[in-house]
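*Asks:* For the sequence shown, the positions run 2 to 159 when the working numbering is used. Idealized CB from N, CA, C, for every residue including glycine.
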Amino acid sequence: MRLRPPNNPVHPRATTWWRLQDAGFYLVVLVVAAGALFWVSTAWLVGVVAVIVVVGAVDIVVTPPIRYRKHRWEVTDQAVYVRTGFFVEDWRVAPLSRVQTVDTKRGPLQQWLGLSTVTITTASTAGELKIKGLERGFAAELVEQLTAATEATPGDAT
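(1) Can you tell me where the beta strand (DSSP E) with residue 134 in it begins and where it stops?
(2) Are residue 84 and residue 7 close, meaning C-beta to C-beta below 9 Å?
(3) Using a 10 Å radius around the Cβ and a threshold of 16 neighbouring Cβ atoms, would you call residue 130 buried or exposed?
(4) Span of the beta strand (DSSP E) holding residue 119?
(5) Using 9 Å as the threshold, is the C-beta distance between residue 21 and residue 53 below it?
(6) If you measure between the beta carbons of residue 94 and residue 120, is that distance less than 9 Å?
(7) Taking the continuous beta strand (DSSP E) assigned at residue 103, which residues delimit it?
(8) What separation, rounded to the nearest whole angstrom, lies between the Cα atoms of residue 105 and residue 151?
(9) Could you tell me which of 136, 90, 101 sits nearest to residue 112, measuring between CA atoms?
(10) What residues in its chain sit with their C-beta under 6 Å from that of residue 143, if we drop five residues either side in the sequence?
(11) Give the range of the beta strand (DSSP E) segment to which residue 77 is assigned.
(12) How is residue 43 classed by DSSP in three states: helix, strand or coil?
(13) If we call anything under 9 Å between Cβ atoms a contact, is residue 73 one with residue 29?
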């Protein structure tokens with residue numbers, strides 16, 4: 002089994018999810034910076050707020066489409082392949098014989114957008130594999146498919 006690029010993209014609404022997450026982060030940072038600006042009104046702090054606004058806007062607009070092109074996953078008869086990351090790519094392959102559990106998670110934004118994260122726990126010290134940004138119904142089908150495949154695959158997942 003060799004590491005190879007997975008074929009399947011996440012759902013296109015994942016870009017909206019990532020944008021909303023980033024916007025929430027920058028909003029918190031801006032509130033803290035604006036609070037500091039309220040108490041200590043200095044020119045350099047105004048510059049910091051301006052930099053936060055510019056960096057946040059660029060991050061919210063530019064990063065999600067790049068992440069969408071980078072995030073890939075695939076399930077074969079032998080393994081689960083996942084590639085994530087933006088600046089640092091993380092390529093993972095988990096043989097089905099090593100899969101221990103398959104779970105689904107949906108935070109509030111994911112529920113609103115109809116998305117899910119599928120988490121595949123393996124008997125590996127590298128940790129779990131996460132496929133983030135799948136359509137909710139498809140994620141449920143994938144969990145069922147992986148559960149059936151791991152039950153049918155010989156091995157003790159250790």
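*Replies:* Looking at the atomic coordinates:
(1) Per DSSP, the unbroken beta strand (DSSP E) holding residue 134 starts and ends at 130 to 136.
(2) A contact, by the Cβ cut-off of 9 Å.
(3) Residue environment: residue 130 is assigned as buried (16 or more neighbouring CB atoms within 10 Å of its CB, all protein chains considered).
(4) Here the beta strand (DSSP E) through residue 119 covers 116 to 123.
(5) Between residue 21 and residue 53, the C-beta spacing is not below 9 Å.
(6) In this structure, the beta-carbon distance from residue 94 to residue 120 does not fall below 9 Å.
(7) First-last of the beta strand (DSSP E) with residue 103: 100 to 106.
(8) Answer to the nearest angstrom: the Cα atoms are 16 Å apart.
(9) Closest option to residue 112, Cα to Cα, is 136.
(10) Excluding positions up to five away in sequence, the list reads 119.
(11) In the DSSP assignment, residue 77 falls outside any beta strand (DSSP E) and carries neither an H nor an E.
(12) Under the three-state reduction of DSSP output, residue 43 falls in the coil class, being neither helix nor strand.
(13) Taking 9 Å as the cut-off, the Cβ atoms of residue 73 and residue 29 do not count as close.
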